[in-house]
Amino acid sequence: MVSRGRAEIVVHFPTMQQRVVDELGRRIVGGSWEPGVPLPVEDALAAEIGVSRGVLREAVKALAAKGMLHVRPRTGTRVLSPEHWNHLDRDVLRWKQAGDATALLRDTSELRRIVEPEAARLAAERAGSEDVRVLYDALTAMEAAAARPGRRGYVEADIAFHRALLDAGGNRLLGSLGRAVEIALEHSFLVSTRTAGAVEASLPAHRAVVQAVEARDPAAAAAAVLAIVEAAEDEIARSPGMPDGAA
């Protein structure tokens, strides 16, 4: 912690265990070890990474909790296939983004199509005045960020808007889902806002969502948010650097 006058700046550095979790997680997602294949013996892997056996063991436990490794006495630690992984885990999402960004964008888009229109319906049916205010506040933050040089803060405001929409329906599982997939949303929004005119075009669509929620019009709210998702898919497909069919 660094103190400057009355202000205090707290800097968090990853622990050695967190670094090993990150190293092994990236390798697993990147396919360094096939599912069912045991990890190298503990002594060899610890020496390769340059950590103690105790640190390695704790990292392995963390990855087992994410569904990526299975630890069994005498038979070794084996990599589990992706269907066992917790794909809503923030670390797993981050590793997938680094390893196969195109697949993560596709999965995120499909999830949004399934979830967000129904979440908007619920919001239009249940949202209170405070929920609507939070949505308008997020929209205002998006508009302010869009006017700044470099659109600084736009993606963060966009994420806040969609999280507020999931919260507004009063379903706590949806609200938790929004927080869980924040990294995936951030990645998707960063790509979809690269094309010229994408940000400007998205603002009226987001306002239409809030107005439909405020008017308690579930069908209009669902249609408005689906239009946002479809527009994002188109922007991702046309975004610089993306391969054809990436969305």
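Oh and the sequence shown: position 161 is 219 in this note's numbering, straight run, nothing missing. From the three backbone atoms N, C-alpha and C, an ideal C-beta is built for every residue, glycine too.
Rounded distance between the beta-carbons of residue j and residue i, thought under 8 Å
{"i": "A266", "j": "A282", "result": "4 Å"}
{"i": "R184", "j": "G228", "result": "5 Å"}
{"i": "A104", "j": "L114", "result": "4 Å"}
{"i": "I217", "j": "E244", "result": "6 Å"}
{"i": "A215", "j": "A199", "result": "4 Å"}
{"i": "Y194", "j": "A203", "result": "With a Cβ gap of about 15 Å, Y194 and A203 do not count as contacting."}
{"i": "R171", "j": "V287", "result": "6 Å"}
For residue i, the residue or residues it bridges with in DSSP
{"i": "P96", "result": "R136"}
{"i": "R130", "result": "G134"}
Residue i and residue j closer than 9 Å at C-beta
{"i": "T166", "j": "S246", "result": "yes"}
{"i": "V137", "j": "V190", "result": "no"}
{"i": "S297", "j": "S260", "result": "no"}
{"i": "D158", "j": "K124", "result": "no"}
{"i": "H145", "j": "E174", "result": "no"}
{"i": "A270", "j": "A289", "result": "no"}
{"i": "Q155", "j": "A285", "result": "no"}
{"i": "V78", "j": "V109", "result": "yes"}
{"i": "W153", "j": "D80", "result": "yes"}
{"i": "L162", "j": "L151", "result": "yes"}
Assigned exposure category for residue i - 16 Cβ within 10 Å defines buried
{"i": "I67", "result": "Here I67 scores only 47 on pLDDT, less than 50, and its place in the model is too uncertain to base an answer on."}
{"i": "E106", "result": "exposed"}
{"i": "P276", "result": "buried"}
{"i": "D225", "result": "buried"}
{"i": "V69", "result": "Unreliable placement is indicated for V69, whose pLDDT of 44 sits below 50; the coordinate value is still reported in the next sentence. Looking at its Cβ environment, which holds fewer than 16 other Cβ atoms inside 10 Å, V69 is exposed."}
{"i": "V87", "result": "buried"}
{"i": "L223", "result": "buried"}
{"i": "L248", "result": "exposed"}
{"i": "R206", "result": "exposed"}
{"i": "G83", "result": "buried"}
{"i": "G63", "result": "Only weak support is given to the placement of G63: the predicted model assigns it a pLDDT of 45, under 50, and the value that follows is read from those uncertain coordinates. So G63 ends up on the exposed side."}
{"i": "L231", "result": "exposed"}
{"i": "R210", "result": "exposed"}
{"i": "A256", "result": "buried"}
{"i": "G89", "result": "exposed"}
{"i": "G236", "result": "buried"}
{"i": "A196", "result": "buried"}
{"i": "E291", "result": "buried"}
{"i": "A280", "result": "buried"}
{"i": "D302", "result": "Caution is warranted here: a pLDDT of 47 is assigned to D302, below 50, making its placement in the model unreliable, and the coordinate value is therefore given only provisionally. D302 comes out exposed."}
Which listed residue (the options) has its alpha carbon closest to that of residue i
{"i": "M74", "options": "A196, A120, M126 and P140", "result": "A120"}
{"i": "H142", "options": "E214, P93, E81 and G208", "result": "P93"}
{"i": "W91", "options": "S110, L127 and L151", "result": "L127"}
{"i": "A117", "options": "L97, R132 and T133", "result": "L97"}
{"i": "E258", "options": "E293, G236, A279 and L231", "result": "E293"}
{"i": "G112", "options": "Q76, R237 and R85", "result": "Q76"}
{"i": "V268", "options": "P140, R132 and A177", "result": "A177"}
{"i": "A278", "options": "R85, E240, A182 and R152", "result": "A182"}
{"i": "E272", "options": "P140, V192 and P72", "result": "V192"}
{"i": "A45", "options": "G233, E240, P72 and R164", "result": "Any question about residue 45 goes unanswered here, given that the chain covers just 59 to 305."}
{"i": "G186", "options": "P72, R274 and R85", "result": "R274"}
{"i": "S234", "options": "D147, E201 and R252", "result": "D147"}
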